[in-house]
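J.: Quick one: this structure, given as structure tokens, is what I'll be asking you about.
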Amino acid sequence: MTDTEAMQRALGLAKRGTGFVSPNPRVGAVILDENGNIISEGWHKKYGGPHAEIEAINNANRDNFSNCTIVLNLEPCSHYGKTPPCVDAIIQKKFKRVVIGMTDPNPLVSGQSIQKLRRAGIEVEVGILENESQQINKAFAKWVVQKEPYTILKIAQSIDGNIALKNGISQWITSGESRSKVQILRSEVDAILIGRNTAIADNPKLTVRDLDLPSPKRIILDSHLSLPPNLEIFTDDNKSNTYIVFDENLINSKQVKYFAEIGVQSIPIKLNSDNEIDLKKLIKKLGAEFSITSLMVEGGAKLFSNFVRENLAHELHLFVAPKILGNGLHTFGELNFTQMQEAIKLQVNSLEKLGEDIYIIATRAIVSND
Numbered sequence: 014m015t016d017t018e019a020m021q022r023a024l025g026l027a028k029r030g031t032g033f034v035s036p037n038p039r040v041g042a043v044i045l046d047e048n049g050n051i052i053s054e055g056w057h058k059k060y061g062g063p064h065a066e067i068e069a070i071n072n073a074n075r076d077n078f079s080n081c082t083i084v085l086n087l088e089p090c091s092h093y094g095k096t097p098p099c100v101d102a103i104i105q106k107k108f109k110r111v112v113i114g115m116t117d118p119n120p121l122v123s124g125q126s127i128q129k130l131r132r133a134g135i136e137v138e139v140g141i142l143e144n145e146s147q148q149i150n151k152a153f154a155k156w157v158v159q160k161e162p163y164t165i166l167k168i169a170q171s172i173d174g175n176i177a178l179k180n181g182i183s184q185w186i187t188s189g190e191s192r193s194k195v196q197i198l199r200s201e202v203d204a205i206l207i208g209r210n211t212a213i214a215d216n217p218k219l220t221v222r223d224l225d226l227p228s229p230k231r232i233i234l235d236s237h238l239s240l241p242p243n244l245e246i247f248t249d250d251n252k253s254n255t256y257i258v259f260d261e262n263l264i265n266s267k268q269v270k271y272f273a274e275i276g277v278q279s280i281p282i283k284l285n286s287d288n289e290i291d292l293k294k295l296i297k298k299l300g301a302e303f304s305i306t307s308l309m310v311e312g313g314a315k316l317f318s319n320f321v322r323e324n325l326a327h328e329l330h331l332f333v334a335p336k337i338l339g340n341g342l343h344t345f346g347e348l349n350f351t352q353m354q355e356a357i358k359l360q361v362n363s364l365e366k367l368g369e370d371i372y373i374i375a376t377r378a379i380v381s382n383d
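Here it is in structure tokens:
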């Protein structure tokens with residue numbers, strides 16, 4: 014097995030930690046003998062549990078690794094956290110080579126383990142499938158450096174750019190295949206965010222269904238605490254995973270006390286000059302205080318517009334159905350541009366057909382000043 018093939022395997026193992034290891038990164042490890050055969054493997058299974066390197070070493074049932082290579086999609090840690098430094102274990106076991114997908118963006122590591130391994134006489138190869146390694150841990154990289162979540166806008170819309178009919182009806186614009194994909198996306202993020210109007214119109218559960226994976230946190234914006242208490246998010250078995258964001262001046266209100274009694278979490282935030290939740294302050298609070306590394310915004314139109322306007326969306330996941338809804342609720346109808354140069358340019362990174370729909374992943378385009 015080549016280093017690249019082993020790295021592909023390590024990345025596949027790393028993905029098994031999805032939903033269980035955040036805010037830690039997803040890491041897989043493959044141990045090869047001198048002939049390139051796999052003798053052991055492992056992955057980071059649970060936050061606070063053994064890291065991938067230790068799992069693989071423990072699964073090998075041997076003490077002699079002097080002719081072995083360990084392949085990792087992320088540089089091993091060099092600091093004490095929930096567990097001891099993995100780099101020390103690799104050195105103690107006298108591995109011959111270490112193959113690494115990407116340098117750890119964590120300032121506490123950031124190349125230090127690579128230097129330590131080389132000082133110990135271990136051969137180190139860095140950058141095998143680096144792009145793929147960066148992709149799988151892009152949310153961790155954003156969070157560990159800036160303490161802010163990597164944010165995705167998930168949009169289900171018609172081909173003429175509506176997320177609902179004029180009367181608010183939106184179920185179902187997109188196909189069953191698209192809705193199944195959304196379940197996968199939910200399983201990959203720490204939290205889902207919706208606005209008050211979406212909570213009332215759709216009464217969504219915002220849970221992961223049909224997958225044996227934990228559901229993300231549910232964050233609802235309700236500036237003035239006016240949502241009815243009989244919504245699914247307040248009454249189902251997952252209500253302790255629900256967070257309400259509201260005007261900090263209401264911290265001592267009856268509604269907040271009621272939420273505390275039923276197990277719903279409160280996030281008070283100062284309102285901005287428009288008397289709305291300050292999204293930039295919220296994003297910082299979610300990352301710094303709640304260790305949310307990834308966030309998916311699922312509606313509605315005003316929230317989508319505000320995230321784009323304030324440059325807080327890192328990716329757009331658009332599920333476009335071949336339907337014309339006419340004079341409906343436009344996805345970005347709150348962006349009232351009057352000049353073409355105001356238009357926000359996107360870069361399409363991938364296109365996929367899901368049932369009848371088109372699934373587009375896009376990022377904000379880098380505009381040249383030339």
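The numbers in the sequence shown follow this note's numbering, run straight up by one, and end at 383. Just so you know, even glycine gets a beta-carbon here, dropped at the ideal spot from N, CA and C. All of these numbers come straight from a predicted model, not from anything done at the bench.
(1) Taking Ile104 and Phe332 to be in contact with their CB atoms under 8 angstroms, please state how far apart those CB atoms are, rounded to whole angstroms.
(2) Can you name, in chain order, every residue of its own chain whose Cβ lies under 8 angstroms from the Cβ of Ile67, other than the five neighbours on each side?
(3) Sorted by chain position, which residues of the same chain lie with C-beta nearer than 8 angstroms to Ala334's C-beta, five sequence neighbours on each side aside?
(4) Looking at the secondary structure, which residues open and close the beta strand (DSSP E) in which Thr82 lies?
(5) Give the range of the alpha helix (DSSP H) segment to which Gly189 is assigned.
(6) Please report the Cβ distance between Ala314 and Leu359, rounded to the nearest whole angstrom; I am assuming they are in contact, meaning their Cβ atoms lie under 8 angstroms.
(7) Taking the CB atoms as reference points, tell me whether Gln184 and Val221 lie closer together than 8 angstroms.
(8) Pick helix, strand or coil for Trp56, following the three-state DSSP scheme.
(9) Count the other C-beta atoms from every protein chain shown that fall within 10 angstroms of the C-beta of Gln148, then say buried if there are 16 or more, exposed otherwise.
(10) Going along the chain, which residues of its own chain have a beta-carbon closer than 6 angstroms to the beta-carbon of Ser318, five neighbours each way excluded?
(11) Closest to Arg231 by CA distance: which of Gly276, Lys270, Asn262 is it?
(12) Would you kindly check if the distance between the Cβ of Arg209 and the Cβ of Leu234 is under 8 angstroms?
(13) I need the straight-line Cα distance from Ser286 to Leu299, nearest angstrom please.
(14) Tell me the DSSP secondary structure of Arg131 in three-state form.
(15) Does DSSP classify Phe255 as helix, strand or coil?
(16) Could you tell me which of Gly32, Val43, Arg29 sits nearest to Met20, measuring between CA atoms?
(17) Which of helix, strand or coil does DSSP assign to Ser171?
(18) Please say whether Thr31 and Thr200 have beta carbons closer to each other than 8 angstroms?
(19) Among the candidates Lys58, Val111, Pro89, whose CA atom is the shortest distance from the CA of Asp46?
(20) Do the CB positions of Thr116 and Glu88 come within less than 8 angstroms of each other?
(21) Determine the extent of the alpha helix (DSSP H) in which Gln159 is found, giving its start and end residues.
(22) CB Gly49 to CB Ala65, shorter than 8 angstroms?
(23) Output the boundary residues of the alpha helix (DSSP H) element that contains Arg75.
(24) Which residue comes first and which comes last in the beta strand (DSSP E) that contains Asn210?
(25) Going along the chain, which residues of its own chain have a beta-carbon closer than 8 angstroms to the beta-carbon of Thr211, five neighbours each way excluded?
(26) Could you check the C-alpha separation between Asn80 and Lys109 for me, to the nearest Å?
(27) Rounded to whole angstroms, what is the Cα-Cα separation between Asp383 and Ile373?
T.: Once the coordinates are examined:
(1) 48 angstroms between Cβ atoms; not a contact.
(2) Hits under 8 angstroms: Gly55, Thr96, Cys99, Ala102.
(3) Ala169, Gln170, Ser171, Ile172, Ile186, Thr187, Ser188, Ser191, Glu369, Asp370
(4) 82-85
(5) Going by DSSP, Gly189 is part of the alpha helix (DSSP H) stretching over 189-200.
(6) At roughly 17 angstroms, the Cβ-Cβ gap does not stay under 8 angstroms, so Ala314 and Leu359 are not in contact.
(7) no
(8) strand
(9) exposed
(10) Phe345, Glu347, Leu348
(11) Of the listed residues, the one whose Cα sits closest to Arg231 is Gly276.
(12) yes
(13) Ser286 and Leu299: Cα-Cα distance of roughly 21 angstroms.
(14) helix
(15) As written in the sequence, residue 255 is Thr, which differs from the Phe given in the question. Strand.
(16) Val43
(17) strand
(18) The displayed chain sequence assigns Ser, not Thr, to residue 200. Yes, the Cβ-Cβ distance between Ser200 and Thr31 is below 8 angstroms.
(19) Val111
(20) yes
(21) 151-159
(22) Between Gly49 and Ala65, the C-beta spacing is not below 8 angstroms.
(23) If you look at Arg75, you'll find it isn't in any alpha helix (DSSP H); DSSP assigns it neither H nor E.
(24) Careful: Asn210 lies outside any beta strand (DSSP E), inside the alpha helix (DSSP H) at 209-215.
(25) Pro217, Glu311, Gly312, Gly313, Leu316
(26) 5 angstroms
(27) Note on Asp383: pLDDT 44, under 50, position unreliable in the model; the coordinate value appears next. About 28 angstroms.
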